[in-house]
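Note sheet for the following structure.
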Amino acid sequence: MHRPRILNGLLNLAFLALAFPTLVHGTKTRQDMCGLSMHARDFPDRGSFSAVEATFTVPQVAYDPAYDPAVTGRQQDNASYYPYVNSCVALCCGDDCSTRLSAGVQAFSTLPGVNEGGKLVFQISPVFAPETLPETKGDERFVFNSSDTVRVRLEILEPHLAHITFTKYQPSDNTNHTVSIEISIFQSPAGDPMAGISTDGLGDKDLNWSSHGEEGAPTPTLCGDSAWWYVSDKFDPGEKAARPERLPRFSPVLIANHGLEATSEHGTTVHWPANLMWSNGARFWNMVRDEGGKTEEMCRVRGFIDSGMAMVQSSNPWMV
């Protein structure tokens, strides 16, 4: 299998992004994510979105002494305090992505001398907490380093059934490793939302488990009113969500090979042309933070019409 072109174009695209800062026009802002979106209501003859996919480069996340116990004196017994950057695709209910199924890679930095890395993450939000692919000692297939390449495909099969596929490109032996996750949403006897989750592709390490949703919340229904390709922090995306930590600095994230499908009212599958997102079909979003009466840009998105790629970068470019 050929090496994905996303790796070959990394340096060239990084240069272009700095040299041509106005490639993206009409960009709007959100406080929870930066990236791009497509909206089914803009294409009323095509039906709702049923599948979304993309290839991401895993970024390197900058070390921040504010999270280092040796500096702060605060003891931390797990990595939940460390800065994270999520690169995800999502299918959402509503134009504002109020209810969504998302999947992608969670990149993180820990302490000096510890390799930066990442893990697979997916979520039905806001009812369910994020889930990460279980890490097993000795299994190197889904251990991530910065600059690794991951392809994510998310598909809604039924209103309460979804399928996610993660594919990691392995440059050392020029192969791909794939794991699939199936999610089934149901209601518990007590009336609370639950999700049955199973993996396929990890061999004897495949798992089946149940996830409990928010007690008393209605059981969510999956839908494809809008599709998103975005970068965010570790918190659940949402305009009204409090963001106690600022988005950490990170190396540029390339988003390539965008895929989008819809199911028409006749049940047929509609595939979007690869260049549709760059012909006024997509909305672009930068992430900002409002603090003390001032608005600060945390990250921005740029598009490249010639290659069909997008790049998300910190507002102050940080190349590694």
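Numbered according to mature numbering (1 follows the signal peptide of the UniProt record, and there is no 0), the sequence shown spans residues -26 to -1, 1 to 294. Ideal Cβ positions, reconstructed from N, Cα and C, are used throughout, including at glycine.
- About 5 Å separates the beta carbons of Asp210 and Ser99, which is inside the 8 Å limit, making them a contact pair.
- Residue nearest to Ser162 within the set Phe82, Ser172 and Gly187 is Gly187 (criterion: CA-CA distance).
- Taking 8 Å as the cut-off, the Cβ atoms of Trp246 and Gly9 do not count as close.
- Leu65 is positioned such that its CB atom lies closer than 8 Å to that of Gly198.
- The DSSP-derived three-state label of Pro100 is coil.
- Exclusion of the five residues before and after His134 leaves Ile159 as the residues of its chain whose Cβ lies within less than 6 Å of its Cβ.
- Taking the CA atoms as reference points, Thr1 sits about 26 Å from Asp19.
- Of the candidates Phe23, Val275, Ala28 and Arg4, the residue whose Cα lies closest to the Cα of Arg125 is Ala28.
- Classified as exposed, Asp178 has fewer than 16 neighbouring CB atoms from the shown chains inside 10 Å of its CB.
- Asn182 counts as exposed, since fewer than 16 other C-beta atoms from the protein chains shown sit within 10 angstroms of its C-beta.
- Counting of Cβ neighbours within 10 angstroms places His240 among the exposed residues, the total staying below 16.
- Collapsing the DSSP output to three states places Val275 in a strand.
- When DSSP states are grouped into helix, strand and coil, Pro39 belongs to the helix group.
- Ranking Lys93, Glu213 and Ser281 by CA distance to the CA of Pro33 puts Lys93 first.
- For Asn119, no beta strand (DSSP E) run applies, since DSSP gives it neither H nor E.
- In this structure, Arg4 sits near Trp259, with a CB-CB distance shorter than 8 Å.
- Distance from the Cα of Ala136 is smallest, within the candidate group Gly91, Ser154, Tyr143 and Thr149, for Ser154.
- Between Val95 and Thr106, the C-beta gap is smaller than 8 Å, which places the two residues in contact.
- Going by DSSP, Asp280 is part of no beta strand (DSSP E) at all; its letter is neither H nor E.
- Between Pro222 and Pro57, the C-beta spacing is below 8 Å.
- According to the DSSP assignment, Val59 belongs to the beta strand (DSSP E) that extends over Tyr58 to Cys67.
- Between the alpha carbons of Val275 and Arg115 lies a gap of roughly 30 Å.
- Here the C-alpha atom of Ile138 lies approximately 12 Å from the C-alpha atom of Gly175.
- Considering only Glu156, Glu129 and Ala164, the residue with the shortest C-alpha distance to Thr237 is Glu129.
- Of the candidates Asp70, Val45 and Gln80, the residue whose Cα lies closest to the Cα of Asn60 is Gln80.
- Taking Thr269 as the centre and dropping the five residues before and after it, the same chain places the C-beta of Val262 closer than 6 Å to its C-beta, in chain order.
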